[in-house]
Each structure stands twice: as structure tokens, then as C-alpha cells.
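**Q**
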């Protein structure tokens with residue numbers, strides 16, 4: 007199909023046929039011997055550019071309104087949501103925060119455990135490219151803290167959401183706006199060249215810029231059809247994050263950030279108070295983008311209310327029943343899906359911490375995952391075709407880690423749905439194991455399409471949960487279990503408990519496998535393709551920490567050379583300076599391992615220990631069971647074994663029972679129908 011010719015303004019005014027050349031053959035064609043400055047000739051005509059974009063702007067989708075009531079604006083819904091959850095003191099979140107933790111257990115700053123000491127750490131970030139990778143590790147770690155009784159050396163639960171909500175001084179969603187702010191309208195006072203510069207910076211530094219298509223945004227800007235709320239949010243968040251361009255660090259979940267707000271952020275709230283309740287893609291993007299900013303850098307209560315509103319808009323847009331508005335292009339549908347996953351990931355993280363599980367919002371919407379990479383992204387292809395290449399330094403990495411975090415968030419969501427609710431679940435262990443089986447199969451099927459880093463990250467996540475969630479808290483068997491039980495410092499595993507010993511032997515193959523995979527990946531060419539800061543170091547450290555705990559407990563029970571060799575391998579990995587830019591992040595786990603090795607020197611004479619099973623090949627689970635496909639696709643039915651015999655743990659028949667077939671939540675949620683999309 008030939009490219010459409012555009013008539014010049016002179017031919018249009020005289021109603022003559024134009025050849026579409028630059029310059030036109032009929033008007034303005036210079037003589038053959040004329041010298042034309044090619045830079046001046048290539049300079050675009052702003053008026054003609056605006057006219058061209060206006061003629062080619064895509065048709066707008068039909069407008070939908072929340073509850074089909076045009077008389078009620080967004081202020082009605084936001085005020086109602088805010089008051090329902092946060093005001094007055096007897097609201098739902100106030101009761102939840104007061105009942106979940108005691109005043110002494112509500113940290114105003116994040117804390118990390120060092121050996122026998124507590125050190126306060128100010129969370130700072132200087133490179134937003136690692137944002138999704140870090141959040142994936144965070145949601146994995148807090149899940150383990152909430153559900154597992156395995157005591158990790160590295161991670162202590164950080165109450166981000168509780169801290170942010172408690173430090174939010176707001177008492178209503180809409181504060182009285184400044185009259186000067188309303189009269190000045192910062193959008194109108196911003197010159198075009200500064201507006202375009204802010205838009206460029208937005209796509210340069212903001213990780214959630216993947217929600218927006220740059221070509222469509224510029225088109226809407228030049229035709230004055232852009233949603234003013236979306237523009238205000240883009241300008242405001244970009245200005246707030248701009249210190250990163252100067253090498254400065256940003257503080258997360260800190261009350262001091264409220265003093266650094268700019269007029270665009272405040273004006274976005276003014277526009278929300280005056281906006282109609284129409285449900286459009288741009289309005290959905292603006293609400294989610296502002297909510298993501300507020301829960302991290304601003305008013306957490308308002309951000310949470312914006313998330314609740316976003317699910318109402320998504321439902322009205324037909325995202326939950328596949329009735330999307332007619333006229334949406336494939337690119338717009340992709341952006342709608344990415345926006346949903348951005349809100350979903352943050353919602354799952356907050357739900358795990360606060361145990362406020364909106365099952366209707368999270369449990370009944372089955373959606374495909376976002377694009378796996380830039381090759382599958384229609385939005386990226388559209389920008390590339392129009393010359394609007396993304397200036398983000400590691401944009402392909404951002405897209406890949408966003409996909410990985412979506413898989414991790416959905417897996418965590420499915421796991422928390424297995425917890426007792428209203429009626430007893432007969433086997434929480436079996437249902438969690440079934441989810442991990444499906445995750446392992448998903449990784450195997452997608453590894454040819456995913457990058458090596460994506461595959462490695464998901465394998466880390468799988469083995470981390472396979473180890474930690476073997477040691478589920480015993481209160482999980484009761485329907486009165488509360489996920490928000492304070493994750494106080496857990497005691498070490500009682501090695502005199504037969505159940506703990508059985509789980510240690512069962513987790514040993516997974517611990518060894520993930521150590522081998524980590525060592526192989528770091529020594530491969532795949533790891534050299536990424537900067538050390540782009541490796542999933544936090545998740546890698548948590549997984550190695552969990553694996554080393556299993557190995558050290560197994561060595562305490564039965565000291566064998568091969569187990570000690572694996573413990574030393576973990577120490578070597580944690581000591582690699584090319585992987586850990588600073589020693590602080592790995593120092594805690596490394597110190598724990600080195601202390602253990604010093605206190606448990608190898609025996610010169612194995613017979614002095616007095617154990618009848620000190621032979622290396624007979625004391626461990628057979629090596630043919632190290633294949634995760636054998637171990638996880640034929641899991642142990644722990645509930646059928648009421649007695650403990652250590653020889654049964656070493657027998658391969660104990661690991662080859664029939665595949666578990668569970669009825670997922672009485673048929674209300676089909677795991678196999680959606681998880682492997």
C-alpha cells in the first residue's frame with residue numbers, strides 16, 4: 007500500500023492537484039541551479055505538522071461512565087472510598103492497622119537484621135531501572151515472612167504500606183485547593199518546548215512509562231486532545247523524579263517527600279475533583295500512574311483510594327468481562343493491559359502486608375500477561391516506526407522485568423487465595439505445591455521465548471518458595487489464621503522435631519539445584535551481558551540464604567563432605583565482587599555461613615561420629631532425584647504420613663506418589679485455565 011500524499015497549503019488554497027513533493031512542483035520549486043540549505047529545507051513547519059496530526063488522529067472510543075451516572079464526578083467516588091477506608095478512626099484500615107501490630111511493632115523506618123544488632127536503613131534509590139527487579143524480590147520475601155517459619159538471615163519484613171499509611175497526615179482526599187493554583191493553571195503556563203522536554207524526561211527516567219505510548223501522547227498533545235489529568239501527572243511525577251538525572255537519590259516512603267511536591271501534582275488532584283466519571287484509557291492511565299506515585303512518594307491513603315477507583319474504571323472499560331470499547335486499537339489494548347498489571351502488582355504487595363485481600367478485584371479477572379520483551383510490544387514497535395525511540399537506558403530490561411514481576415505477583419496472589427477463608431481448606435500444602443508445579447511447567451514451556459535473565463529470575467523465585475513454603479506456619483491449618491500476624495523474629499528450626507527433619511531432607515535437592523544454577527549462570531556468558539546492578543541480586547541473595555539454611559541444618563544432622571562443599575560454594579558466590587557491588591547486601595548471610603563453617607570443622611575420622619549412614623551416596627537423597635521435574639511433578643503427600651522414619655525420607659518411593667489432583671477452591675478458580683497463558 008503506497009504512502010498517502012499530502013497536499014501543500016498553497017495547492018489547497020487554490021484547489022489544485024498537488025504532487026505531494028517538498029517543495030511542490032507547482033509552487034516554490036527552485037531553479038535547477040539554486041542552492042538550498044538542506045537544514046532549512048528539512049526544518050518542519052509547525053502549522054503543517056499540527057494540521058497533519060489533526061487529520062490523522064485516531065477516532066476516540068465511546069465514552070463510558072461509572073455506574074452510568076453522568077451527574078456524579080470522580081470526586082464523589084474518591085471521597086466515598088477514602089472515607090470508607092480511612093476516616094474516621096473506626097474505618098476499616100484504621101482497625102486493621104491497630105489490630106495487626108502493636109505500637110512497638112509499627113516501624114516508622116525499615117529495619118534490617120544484622121547479627122545480634124538492629125540497624126535502621128533509609129531506603130534510597132538512584133536507578134529506577136532496577137525498580138521491578140527489586141519489587142519482585144520484596145514481594146517474594148514478605149510472602150516468606152508471612153507464611154514460612156524458616157528464619158532467614160538476610161531479610162526482615164519491612165512494613166512499607168503500614169509505615170506509609172501511618173505517616174500520611176491527610177484527613178480527606180481533596181484538600182482545599184489554593185486559589186492561586188486554580189487561577190494560574192500550570193498546564194497553560196508551561197511553554198511548549200518545556201512541556202516536550204518534560205515528556206522526553208518522563209520516558210527517560212520513569213519505569214512506568216511503559217504504560218504510555220510516546221507517539222500517541224505527542225499526537226494528543228499537538229492536537230490539544232490529551233487528558234489534562236494525565237498530562238499533569240506526567241509533568242508532576244517527572245519533576246519529582248528529575249533529581250535522578252543529576253545522580254541524586256530518592257527517598258522512598260518518607261514523610262519528607264511531602265515537602266517536595268510541585269504544582270502539577272497538586273493540580274492533578276484539583277482536576278480530579280472537577281472531572282466527570284467517564285471511563286477512558288487515558289483516565290485509567292492517569293489514575294493508576296498517580297496512585298503508584300502517591301503510595302511510594304506521597305500520600306499513601308490517597309494512593310490506595312486511587313487504586314480502588316482504578317479497578318472500578320477497569321471494570322467499566324470491560325477489562326474484566328472482555329467487553330472492551332469498540333474502536334480501541336491493538337496498541338491501546340496492550341496499554342490497557344499493562345496499566346492493569348501495574349496496579350495489580352502494587353495491590354498484591356499491599357494485600358500481603360495488610361492481609362486485606364480484595365478477592366473480587368484480584369480473583370475473578372483472568373488476563374494474559376504483558377509483553378514478554380520489546381519484540382512482542384506493539385507500543386514499542388509503533389514508537390520505533392515513528393522515530394520516537396525510548397531514551398530509557400535499559401528499556402528492554404524494564405519490559406522484561408515488568409513481565410517477570412507480573413508472573414511473580416500472580417503466583418503470590420494465587421498462593422494467598424489458598425489460605426483458609428470462611429471454610430477450612432483440607433490441604434493448604436497440597437494446593438501451594440500444585441501452584442509451584444504449574445509455575446515450574448510454565449518456566450519450562452516459556453524458557454525458549456524468555457531471555458536467560460528472565461528464566462533465571464523465575465527459577466530463583468520458584469526454588470525460593472519451594473524451600474521456604476515447605477516450612478509453613480502451623481497456624482495455616484486453621485481457618486482462624488491471620489496473615490497479618492506480626493512476623494517477629496522467628497526461632498531457629500528445632501532439629502529435634504521429626505517434621506522439621508523430614509522437610510530438611512526433602513528440601514535438600516532443591517537447595518543444591520538452585521546453588522548449581524546460580525553458579526552456572528554467574529559463570530556463563532549470559533551474566534556478562536548485564537551490568538552487576540541489573541542482576542536480580544536481592545532475590546538471588548534471599549534464595550541462596552534459604553538454601554544455605556537447609557544445607558547447614560542438614561550438615562548439623564548429618565555432616566557429609568558434599569553438603570559442606572555446597573555450603574562453601576554459597577560462601578564463594580556471596581564473596582564475588584563482580585556480582586555484589588557493595589559487600590553490605592551479602593555481608594549478613596556470608597557472615598552466618600562463615601561462622602557456621604568455623605564452628606563445624608570437618609571430621610578427620612568419619613567413624614568417630616557414630617552415624618551408620620555417613621557414606622556420602624547413602625546419606626543423601628539419590629542424585630537422580632535432583633531433577634526438579636521428578637521432584638515437583640511427583641510431590642510428597644505430607645499429610646498422609648503421620649509417623650516419622652528418617653529412612654523413608656531417603657527412599658525414592660517416598661517421592662514418587664501419584665500426582666496430586668486437587669479441586670481448586672471448590673471450582674471457583676481454575677488454575678490451569680489461566681496461569682499458563
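Numbering (the numbering used here), first residue to last: 7 to 683.
Idealized CB from N, CA, C, for every residue including glycine.
Along the chain, where does the alpha helix (DSSP H) containing residue 447 start, and where does it finish?
**A** As a working mapping, residue 447 is identified with position 441 in the chain shown. Start and end: 434-452.
**Q** So, helix, strand or coil for residue 684, using DSSP?
**A** One cannot answer for residue 684 here, as it falls past the ends of the chain, which runs 7 to 683.
**Q** How many Å lie between residue 159 and residue 303 at the Cα?
**A** Taking the first residue of the chain shown as 1, we reach residue 159 at position 153. Taking the first residue of the chain shown as 1, we reach residue 303 at position 297. Rounded to whole angstroms, residue 159 to residue 303 spans 29 Å at the Cα level.
**Q** Suppose the cutoff is 7 Å on Cβ atoms and the five residues either side in sequence are ignored; what does the same chain contact list for residue 687 look like?
**A** Residue coverage of the chain in this structure runs from 7 to 683, which leaves residue 687 outside it and unanswerable.
**Q** I'd like the span of the alpha helix (DSSP H) that includes residue 378, first residue to last.
**A** For the purposes of this step, residue 378 is taken as the residue at position 372 of the chain shown. It is not in any alpha helix (DSSP H) - residue 378 carries neither H nor E in the DSSP assignment.
**Q** Might you give, ordered along the chain, the residues of its own chain that have their beta carbon closer than 6 Å to the beta carbon of residue 518, omitting 5 neighbours on each side?
**A** Taking the chain shown and counting its residues from 1, one reaches residue 518 at position 512. Excluding positions up to five away in sequence, the list reads 572.
**Q** To which residues does DSSP link residue 256 through a beta bridge?
**A** Numbered from 1 along the chain shown, position 250 holds the residue referred to as residue 256. The partner list for residue 256 (beta bridge, DSSP) reads 131.
**Q** Figure out for me which residue from 19, 526, 14, 22 has the closest Cα to the Cα of residue 30.
**A** Taking the first residue of the chain shown as position 1, residue 30 is located at position 24. With distances taken between Cα atoms, residue 30 lies closest to 14.
**Q** Tell me the DSSP secondary structure of residue 288 in three-state form.
**A** Mapped onto the chain shown, residue 288 falls at position 282. In this structure, residue 288 counts as helix in the three-state DSSP scheme.
**Q** Could you give the uninterrupted runs of the alpha helix (DSSP H) lying entirely in the stretch 150-210, keeping only those of 4 residues or more?
**A** Listed in chain order, they are 166-173, 185-190.
**Q** Using 7 Å as the cut-off, classify the Cβ of residue 334 as near or not near the heavy atoms of the ligand MG, replying yes or no.
**A** The model depicted lacks the ligand MG and carries no ligand whatsoever.
**Q** Under the three-state reduction of DSSP, which class applies to residue 282: helix, strand or coil?
**A** Stepping through the chain shown from its first residue, residue 282 is reached at position 276. Strand.
**Q** For residue 356, which three-state DSSP category applies?
**A** Counted from its first residue, the chain shown places residue 356 at position 350. It is helical.
**Q** Secondary structure at residue 514, three-state DSSP: helix, strand or coil?
**A** The sequence position of residue 514 within the chain shown is 508, counting from 1. Residue state, collapsed to three classes: helix.
**Q** Take residue 87 and list the residues in its own chain whose beta-carbon comes closer than 6 Å to its own, dropping the five residues that flank it on each side.
**A** Along the chain shown, read from residue 1 onward, the residue named residue 87 stands at position 81. Counting only Cβ-Cβ distances below 6 Å, and skipping sequence neighbours, we find 311, 314.
**Q** Candidates 501, 144, 195: which alpha carbon is nearest residue 561's?
**A** Position 555 of the chain shown, counted from the start, is the residue given in the question as residue 561. It is 501.
**Q** Kindly provide the ranges of any beta strand (DSSP E) runs that are 3 or more residues long and lie completely inside the stretch 508-593, ordered along the chain.
**A** Taking only runs of at least 3 residues, no beta strand (DSSP E) segment lies wholly in the stretch 508-593.
**Q** Anyone know if the C-beta pair for residue 359 and residue 165 falls short of 8 Å?
**A** Numbered from 1 along the chain shown, position 353 holds the residue referred to as residue 359. Numbered from 1 along the chain shown, position 159 holds the residue referred to as residue 165. Closer than 8 Å, so yes.
**Q** Would the beta-carbon of residue 712 fall within 8 Å of that of residue 397?
**A** The question about residue 712 has no answer, for the chain in this structure spans 7 to 683.
**Q** Can you tell which of 439, 564, 212, 524 has its C-alpha closest to the C-alpha of residue 298?
**A** For the purposes of this step, residue 298 is identified with residue 292 of the chain shown, where counting begins at 1. Among 439, 564, 212, 524, the Cα nearest to that of residue 298 belongs to 212.
**Q** What does the alpha-carbon distance come out to for the pair residue 196 and residue 226?
**A** For the purposes of this step, residue 196 is identified with residue 190 of the chain shown, where counting begins at 1. For the purposes of this step, residue 226 is identified with residue 220 of the chain shown, where counting begins at 1. Cα to Cα, the separation comes out at about 16 Å.
**Q** Mapping DSSP to helix, strand and coil, what is residue 603?
**A** Here residue 603 corresponds to residue number 597 of the chain shown, with the count starting at 1. If DSSP states are grouped into helix, strand and coil, residue 603 belongs with the helices.
**Q** Going by beta carbon distance, what residues of the same chain come within less than 6 Å of residue 80, once the five residues before and after it are set aside?
**A** One-based indexing of the chain shown puts residue 80 at position 74. Hits under 6 Å: 278, 281, 283.
**Q** Which one of 250, 407, 327, 285 has the shortest CA to CA distance from residue 78?
**A** Translated into the one-based positions of the chain shown, residue 78 becomes position 72. When only C-alpha atoms are compared, the closest one is 285.
**Q** Does the Cβ-Cβ distance between residue 684 and residue 595 come in under 8 Å?
**A** Only positions 7 to 683 of the chain appear in the structure, and residue 684 is not among them; the question remains open.
**Q** If we count the other Cβ atoms within 10 Å of its Cβ and call it buried at 16 or more, is residue 508 buried or exposed?
**A** Within the chain shown, the letter at position 502 stands for residue 508. The residue is buried, with at least 16 neighbouring Cβ atoms inside 10 Å.
**Q** Report the three-state DSSP secondary structure of residue 79 (helix, strand or coil).
**A** The count along the chain shown starts at 1 and reaches residue 79 at position 73. In the structure shown, residue 79 sits in a strand (DSSP, three-state: E or B).
**Q** Distance, Cα to Cα, residue 247 vs residue 256?
**A** The residue labelled residue 247 in the question sits at position 241 within the chain shown. The residue labelled residue 256 in the question sits at position 250 within the chain shown. Their Cα atoms are separated by approximately 8 Å.
**Q** DSSP three-state call for residue 237: helix, strand or coil?
**A** By 1-based counting over the chain shown, the position of residue 237 is 231. Of the three classes helix, strand and coil, the one that applies to residue 237 here is helix, per DSSP.
**Q** Leaving aside the five residues before and after residue 141 along the sequence, list all residues of the same chain whose C-beta is less than 8 Å from its C-beta, in chain order.
**A** Indexing the chain shown from 1 puts residue 141 at position 135. Once the five neighbours on either side are set aside, the close Cβ partners of residue 141 are 351, 355, 411.
**Q** For residue 343, does the three-state DSSP call read helix, strand or coil?
**A** As a first step, residue 343 must be located in the chain shown, where it is residue number 337. Three-state DSSP puts residue 343 in a helix.
**Q** Going by beta-carbon coordinates alone, are residue 174 and residue 274 separated by less than 8 Å?
**A** On the chain shown, residue 174 is found 168 positions in, with the first residue counted as 1. On the chain shown, residue 274 is found 268 positions in, with the first residue counted as 1. Contact: no.
**Q** Provide the residue(s) that pair with residue 478 in DSSP beta bridges, ordered along the chain.
**A** One-based indexing of the chain shown puts residue 478 at position 472. Paired residue(s): 154.
**Q** If we count the other Cβ atoms within 10 Å of its Cβ and call it buried at 16 or more, is residue 534 buried or exposed?
**A** By 1-based counting over the chain shown, the position of residue 534 is 528. Under this definition residue 534 is an exposed residue.
**Q** When we look at the beta-carbon of residue 440 and count the other beta-carbons within 10 Å, is it buried (16 or more) or exposed?
**A** In the chain shown, the residue the question calls residue 440 occupies position 434. Result: buried.
**Q** So, does the stretch 257-265 touch the stretch 223-237, judging by three or more C-beta pairs under 8 Å?
**A** No: fewer than three Cβ pairs fall under 8 Å.
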